[in-house]
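Asks: Quick one: this structure, given as structure tokens, is what I'll be asking you about.
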Ligand SMILES: [Zn+2]
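Numbering (this note's numbering), first residue to last: -11 to 403.
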């Protein structure tokens, strides 16, 4: 067994152990500031110390392991991901990124090797937003972009967030939560290893890919209003059926998504009024989710779809309403970090695949503070947010080799 394979086995074991810290007996559910998170933080802190790192926790409960540079006053390279989970989660979404970074530091420590920059491994206390329905609490607190109104939110049991933070050993003080731990100039950048959460790597038979950008997203509510009427008495040509308009629109969304490179567009919810078998549908409200790594392409797609909704409605005597609920712009990964990750992949003899991330990540928040780079690891069936999440030790070993190669390339540049 190579040393990378041994380290990969350790990473798999760590993920198994973390997977056992759950709020629910029969599945993995690890919400923000829970007892399960406290246990996870405790064991990861121990592994960090064993890997030669000093460990601290910040005001919101993020875990920070620091491995010093060759010399004092050097910059810091951040590596991280999240240690919280969704309900009935898999073991790898989040923890895998923290454990691979930790394994790479452990390997440096075993070789007594120091780099021209310090490394901090970050285990974010909340990314998924399970407990307070407010994602990225951890990375927002770390970058000083925490939304203070979130402190007033209460969980399902009525516990205010500020109280949960305090019970978790943190300090819910506004000025601390709004203060970044770093200045831009002190950092080399932020890197995150994460499972792909999609099927592309598996389809291409590749272990890893470099991420080009985190896709921007538009969430829109579309409503078609026709006329509810008797399903038996109104002849077909005289109807204003809102569901037929909506159905045509759903297929137009699929067609545009399919014909535009890199675009994904989804209607995930449809509600029909009045919703009776003997009534022509009078009103339909549907959700539209549009994502692309280039904001201009996404915005253009939204304009085209709105135009289609108007045309479809006009042809059927059905009016439409278009309401943008949320827009997130795309976050590009930094070319100089992406290029080094790509170089590492190629030097190890793998075909280079560059993918946008359709899902959000802590890296998108860190991008407000520093340059980001991301590496995807293949997961079986592209499945995530599901106990069936699965990665192989072989792919983890490749990811470890990749990160090590990346670190030495970056050391040559920074050193
Ligand atoms: Zn994740």
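Each residue gets a CB set at the ideal place from its N, CA and C atoms; glycine is no exception. What you are looking at is a predicted structure, and each value in this text was computed from that prediction instead of being measured.
(1) Is the stretch 76 to 84 touching the stretch 50 to 62 in the sense that three or more CB pairs, one from each, lie closer than 8 Å?
(2) Enumerate, from N- to C-terminal direction, the unbroken alpha helix (DSSP H) stretches of 4 or more residues contained entirely within the stretch 241 to 280.
(3) Please state if the CB of residue 109 and the CB of residue 363 are separated by a distance shorter than 8 Å.
(4) Within the stretch 312 to 368, note down every full beta strand (DSSP E) run reaching 3 residues or more, in order along the chain.
(5) Could you have a look at residue 181 and say whether DSSP puts it in helix, strand or coil?
(6) Inspect the CB distances between the stretch 222 to 236 and the stretch 279 to 291 and report whether three or more fall short of 8 Å.
(7) With a cut-off of 8 Å, does the C-beta of residue 345 fall near any C-beta of chain D?
(8) Around the C-beta of residue 4, are 16 or more other C-beta atoms found within 10 angstroms, so that it is buried, or is it exposed?
(9) Can you tell me whether residue 193 is helix, strand or coil according to DSSP?
(10) Tell me whether residue 374 is buried or exposed, calling it buried when 16 or more other Cβ atoms sit within 10 Å of its Cβ.
(11) Grouping DSSP H, G and I as helix and E and B as strand, with all else coil, what is residue 409?
(12) Tell me the start and end of each unbroken beta strand (DSSP E) in the stretch 85 to 166 that is at least 3 residues and wholly inside, in chain order.
(13) Can you tell me whether residue 377 sits near ligand 1, meaning its C-beta is under 7 Å from at least one heavy atom of the ligand?
(14) Out of 298, 335, 360, 332, state which residue places its alpha-carbon closest to the alpha-carbon of residue 320.
(15) Residue 171 lies in the alpha helix (DSSP H); which residues open and close that run?
(16) Along the alpha helix (DSSP H) that carries residue 394, what are the first and last residues, could you check?
(17) Cβ of residue 114 versus every heavy atom of ligand 1: is any distance shorter than 7 Å?
(18) If I follow the unbroken alpha helix (DSSP H) through residue 6, where does it start and stop?
(19) Only counting the same chain, and skipping five residues up and downstream in sequence, which positions put a Cβ closer than 6 Å to that of residue 142?
(20) Are residue 158 and residue 47 touching if we call contact CB-CB under 8 Å?
(21) Sorted by chain position, which residues of the same chain lie with C-beta nearer than 6 Å to residue 167's C-beta, five sequence neighbours on each side aside?
(22) Just mark residue 259 as buried or exposed, buried being the case when its beta carbon has 16 or more other beta carbons within 10 Å.
(23) Let me check you understand the geometry: is the CB of residue 182 closer than 7 Å to at least one non-hydrogen atom of ligand 1?
(24) Is it true that the stretch 299 to 317 meets the stretch 196 to 207, where meeting means three or more beta-carbon pairs spaced less than 8 Å apart?
(25) What would DSSP say about residue 212, mapped onto helix, strand or coil?
(26) Is residue 194 closer than 8 Å to residue 338 when the C-beta atoms are compared?
(27) Does the stretch 122 to 132 come into contact with the stretch 351 to 358, if we say contact requires no fewer than three beta-carbon pairs (one atom in each stretch) closer than 8 Å?
(28) Can we count residue 173 as close to ligand 1, meaning its CB is less than 7 Å from some heavy atom?
(29) Are at least three pairs of beta-carbons, each pair with one atom in the stretch 87 to 106 and one in the stretch 28 to 41, less than 8 Å apart?
(30) What does the alpha-carbon distance come out to for the pair residue -1 and residue 104?
(31) Could you say which of 324, 212, 269 lies nearest to residue 198 if we only look at CA atoms?
(32) Considering only C-alpha positions, which residue in the set 183, 171, 7 is nearest to residue 69?
(33) Could you tell me which residues DSSP pairs with residue 309 in its beta bridges?
(34) Put residue 67 into one of helix, strand or coil per three-state DSSP.
(35) What is the DSSP secondary structure of residue 303, counted as helix, strand or coil?
(36) Going by beta-carbon coordinates alone, are residue 358 and residue 178 separated by less than 8 Å?
Replies: The answer reads as follows:
(1) no
(2) none
(3) no
(4) 342 to 345, 360 to 365
(5) strand
(6) no
(7) The question asks about chain D, but that chain is absent: this structure has only one protein chain.
(8) exposed
(9) coil
(10) exposed
(11) The requested residue 409 does not occur in the structure, where the chain is confined to residues -11 to 403.
(12) 106 to 112
(13) no
(14) 360
(15) It is not in any alpha helix (DSSP H) - residue 171 carries neither H nor E in the DSSP assignment.
(16) 381 to 402
(17) no
(18) -9 to 7
(19) 148
(20) yes
(21) 132
(22) exposed
(23) yes
(24) yes
(25) strand
(26) yes
(27) yes
(28) no
(29) yes
(30) 25 Å
(31) 324
(32) 183
(33) 211
(34) strand
(35) helix
(36) yes
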